[in-house]
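S.K.:
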Amino acid sequence: MRKFLPILIFTLTACSTNDSLVTSNLVNEQVQANALKKITLSMDKKEGTEIKKIVVDKPIPSKKESALAKKTEKLDIKFTEPVGTNDYVSREYARRARYALNEMNKAYSFSEGYRIGLRELDYMRRDGVYVAKVAYPAAEAVESWSNGFKVVASALNHIADDRPNTPDEAVRLVMNMMSANDSWRDGYRVGVVALRVISNTDNRKVREIIDYGLRRAESAYDYKEAYDILIDTLRDLRNYF
74 MRKFLPILIF TLTACSTNDS LVTSNLVNEQ VQANALKKIT LSMDKKEGTE
124 IKKIVVDKPI PSKKESALAK KTEKLDIKFT EPVGTNDYVS REYARRARYA
174 LNEMNKAYSF SEGYRIGLRE LDYMRRDGVY VAKVAYPAAE AVESWSNGFK
224 VVASALNHIA DDRPNTPDEA VRLVMNMMSA NDSWRDGYRV GVVALRVISN
274 TDNRKVREII DYGLRRAESA YDYKEAYDIL IDTLRDLRNY F
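Residue numbers (my numbering): 74 to 314.
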């Protein structure tokens, strides 16, 4: 019986080692699978008790409120939560944007989430990210925390997707940011401020289109009409980049 004991111990040890390896592999596969799961940004937040500060470089002309309520386009943002070093292959800005979205998702209120995202956009615009330069002042210009949250989240999602950092992509983003707002007024304010930033270009045709669009929007009867004019202006711009 003694001669078989070492063999039995070796067999049991080998089985135990193999089981550990299998378990370890399963755990690693599960970690990787979880890292790839998409998180949907939650809109189930409080608005915020304090009044939002509105910042613009120059006044935005006021309009009459439209009798027609604006249909809010659902902001469906899905992003990958950064886990450990799984995100190291992404560009630095895309990685930072995902972290910011993750923190915004954890925020208790729209005002808290807005501030988290705005700080990240501020960092990026100072670092020369064009999309952030366009989105940051647009987010500051809206009047409600929830709309500010949506504008910031739209911009960070755009950056997290690692889309090209170009004027054409910025125009696409501005249209998305405008449509995500729940009022013609805030959508209009986003468009005005964003177009003012985009107009800082050497492209004479782009400057002319924006100047004409802003002047038409300024003379519009109500916020809806002004909003529609700005959307048409953005569509025209895409042909000149």
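Glycine residues also receive a C-beta, built at the ideal position from the N, C-alpha and C atoms.
Helix or strand or just coil, what does DSSP make of Asp149?
M.R.: For the purposes of this step, residue 149 is identified with residue 76 of the sequence shown, where counting begins at 1. Here Asp149 sits in coil by DSSP.
S.K.: Reducing DSSP to helix, strand and coil, say where Ser184 ends up.
M.R.: The count along the sequence shown starts at 1 and reaches residue 184 at position 111. Three-state DSSP puts Ser184 in a helix.
S.K.: Would you report the Cα separation of Tyr255 and Ser219, rounded to the nearest angstrom?
M.R.: For the purposes of this step, residue 255 is taken as residue 182 along the sequence shown, with counting starting at 1. For the purposes of this step, residue 219 is taken as residue 146 along the sequence shown, with counting starting at 1. According to the sequence displayed, residue 255 carries Asp and not Tyr. Those two C-alpha atoms are separated by around 9 Å.
S.K.: For the candidate residues Glu138, Glu281, Asp235 and Val247, whose alpha-carbon lies nearest to that of Ala267?
M.R.: Here the question's residue 267 lines up with position 194 in the sequence shown. Here the closest residue by C-alpha is Val247.
S.K.: From which residue to which residue does the beta strand (DSSP E) around Ile112 run?
M.R.: For the purposes of this step, residue 112 is taken as the residue at position 39 of the sequence shown. That run of the beta strand (DSSP E) goes Lys111 to Thr113.
S.K.: Bridge partners of Asp295, per DSSP?
M.R.: Counting from one through the sequence shown, the residue named residue 295 turns up at place 222. DSSP lists Lys137 as partners of Asp295.
S.K.: For Val224, which residues from the same chain have a beta carbon less than 8 Å from its beta carbon, with the 5 sequence-adjacent residues on both sides left out?
M.R.: Indexing the sequence shown from 1 puts residue 224 at position 151. Answer for Val224: Ala208, Ala211, Ala212, Val215, Met250, Ala253, Asn254 and Val263, listed in chain order.
S.K.: Looking at C-beta atoms only, is the number of pairs between the region 142-154 and the region 180-197 that lie closer than 8 Å three or more?
M.R.: no
S.K.: Report the option in Arg277, Glu185 and Tyr285 whose CA atom is closest to the CA atom of Thr122.
M.R.: On the sequence shown, residue 122 is found 49 positions in, with the first residue counted as 1. Residue Glu185 is the option with its Cα nearest to Thr122.
S.K.: Could you check if Thr306 is buried or exposed, using at least 16 other CB atoms within 10 Å of its CB as the buried criterion?
M.R.: Translated into the one-based positions of the sequence shown, residue 306 becomes position 233. Burial call: buried.
S.K.: Excluding the 5 residues preceding and the 5 following Gln105 in the sequence, name in chain order all residues of the same chain whose CB lies nearer than 7 Å to its CB.
M.R.: Position 32 of the sequence shown holds residue 105. A caution first: Gln105 carries a pLDDT of 46, below 50, which makes its placement in the model too unreliable to give a value.
S.K.: By Cβ distance, which residues of its chain are closer than 6 Å to Lys119, with the 5 residues on each side in sequence left out?
M.R.: Translated into positions along the sequence shown, residue 119 becomes position 46. The answer, listed in chain order, is Ser182.
S.K.: Whole angstroms are fine: how far does the CA of Tyr187 sit from the CA of Phe222?
M.R.: Residue mapping note: residue 222 aligns to position 149 of the sequence shown, counting from 1. Residue mapping note: residue 187 aligns to position 114 of the sequence shown, counting from 1. About 5 Å.
S.K.: Can you name, in chain order, every residue of its own chain whose Cβ lies under 7 Å from the Cβ of Asn273, other than the five neighbours on each side?
M.R.: Reading the sequence shown from its first residue, position 200 is the one you call residue 273. Apart from the 5 residues on each side of it in sequence, Asn273 has no Cβ closer than 7 Å to any other Cβ in its chain.
S.K.: Scan the region 243-286 and note each continuous alpha helix (DSSP H) run of 4 residues or more that stays entirely inside, going in chain order.
M.R.: The qualifying runs are 257-271.
S.K.: Tell me the rounded alpha-carbon separation between Asp295 and Ile189.
M.R.: Indexing the sequence shown from 1 puts residue 295 at position 222. Indexing the sequence shown from 1 puts residue 189 at position 116. Rounded to whole angstroms, Asp295 to Ile189 spans 33 Å at the Cα level.
S.K.: Check for me: the alpha helix (DSSP H) holding Lys119 runs from which residue to which?
M.R.: Along the sequence shown, read from residue 1 onward, the residue named residue 119 stands at position 46. It is not in any alpha helix (DSSP H) - Lys119 carries neither H nor E in the DSSP assignment.
S.K.: Apart from the five residues on each side of it in sequence, which residues of its chain come closer than 6 Å, Cβ to Cβ, to Arg236?
M.R.: Here residue 236 refers to the residue found at position 163 when the sequence shown is read from its first residue. Closer than 6 Å at Cβ, skipping near neighbours: Glu242.
S.K.: Cα-Cα, which of Val265, Ala173 and Leu194 is closest to Ile112?
M.R.: Residue mapping note: residue 112 aligns to position 39 of the sequence shown, counting from 1. Of the listed residues, the one whose Cα sits closest to Ile112 is Ala173.
S.K.: When we look at the beta-carbon of Pro134 and count the other beta-carbons within 10 Å, is it buried (16 or more) or exposed?
M.R.: Your numbering for residue 134 matches position 61 in the sequence shown. So Pro134 counts as exposed.
S.K.: Among Arg258, Thr239 and Arg169, which has the Cα closest to the Cα of Ala140?
M.R.: The residue you call residue 140 lines up with position 67 of the sequence shown. The option with the nearest alpha carbon to Ala140 is Arg258.
S.K.: Please work out which residues of its chain come closer than 7 Å, Cβ to Cβ, to Gln103, disregarding the five sequence neighbours upstream and downstream, and give them in chain order.
M.R.: On the sequence shown, position 30 is the one that residue 103 refers to. In this predicted model, Gln103 has a pLDDT of only 45, less than 50, meaning its place in the structure is not dependable enough to derive any value.
S.K.: I'd like the list of long-range same chain contacts for Lys137, defined as Cβ closer than 6 Å, with 5 residues on each side in sequence excluded.
M.R.: The residue you call residue 137 lines up with position 64 of the sequence shown. For Lys137, where only same-chain residues beyond five positions count, the Cβ hits under 6 Å are Asp295.
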